[in-house]
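Below is one structure, written out as structure tokens; comments come after it.
The structure is reproduced here in structure tokens:
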């Protein structure tokens with residue numbers, strides 16, 4: 001019996017020790033030892049969920065449950081791991097990068113003016129006509 005106990009304990013993965021910092025790279029599952037996949041929670045990439053396909057479980061770093069609750073995402077954990085969620089985050093990150101490049105190209109003051117114009121245009125019922133007029137003016 002002792003030999004069976006020793007064999008069973010030898011096949012168990014070693015206990016998981018984590019310092020509490022958010023992991024930026026793939027980790028091994030503390031339960032089964034398989035490589036886990038990191039899913040972003042928000043487009044900023046500051047928080048992520050580690051998912052083990054072997055155990056079908058999500059692992060959180062220290063403080064991430066509190067963060068999920070504060071963002072109202074604690075009941076949507078499985079949704080975070082979907083392709084649709086991750087695609088939306090990639091699109092948001094891409095839009096932020098485009099916006100930052102535009103801000104850098106035209107300057108902060110001009111960018112603020114463009115934002116005010118954009119907000120005003122969104123409220124105009126004749127927005128399409130205004131944009132066509134502005135586009136025509138640029139080509140003359």
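Numbering (full-length UniProt numbering), first residue to last: 1 to 140.
The C-beta atom is built at its ideal place from N, Cα and C for all residues, glycine as well.
The structure presented is a predicted model; accordingly, all values stated were derived computationally and were not measured.
- [ ] Whole angstroms is fine: what's the gap from residue 110's alpha carbon to residue 53's?
- [x] Here residue 110 refers to the residue found at position 110 when the chain shown is read from its first residue. Here residue 53 refers to the residue found at position 53 when the chain shown is read from its first residue. Spanning the two alpha carbons is a distance of roughly 48 Å.
Open item on the list: I'd like the list of long-range same chain contacts for residue 92, defined as Cβ closer than 7 Å, with 5 residues on each side in sequence excluded.
Closed with: Here residue 92 refers to the residue found at position 92 when the chain shown is read from its first residue. 43, listed in sequence order.
Open item on the list: Assuming residue 40 is part of the beta strand (DSSP E), what are its boundary residues?
Closed with: Along the chain shown, one-based indexing puts residue 40 at 40. 37-40 is the extent of the beta strand (DSSP E) around residue 40.
Open item on the list: If the criterion is Cβ atoms closer than 8 Å, does the pair residue 130 and residue 124 meet it?
Closed with: As a first step, residue 130 must be located in the chain shown, where it is residue number 130. As a first step, residue 124 must be located in the chain shown, where it is residue number 124. Contact: yes.
Open item on the list: Per the DSSP calculation, residue 109 is bridged to which residue(s)?
Closed with: Walking along the chain shown from the start, residue 109 turns up at place 109. Note: residue 109 sits in no beta bridge, so no partner.
- [ ] Determine the extent of the beta strand (DSSP E) in which residue 60 is found, giving its start and end residues.
- [x] The residue given as residue 60 occupies position 60 in the chain shown. Note, residue 60: premise wrong, no beta strand (DSSP E); not H, not E.
Open item on the list: Just to confirm my understanding: we take residue 27, look at its own chain, exclude 5 residues before and 5 after, and list those with CB closer than 6 Å. What are they?
Closed with: For the purposes of this step, residue 27 is identified with residue 27 of the chain shown, where counting begins at 1. Around residue 27: 36 and 50.
- [ ] Put residue 48 into one of helix, strand or coil per three-state DSSP.
- [x] Taking the first residue of the chain shown as 1, we reach residue 48 at position 48. If DSSP states are grouped into helix, strand and coil, residue 48 belongs with the strands.
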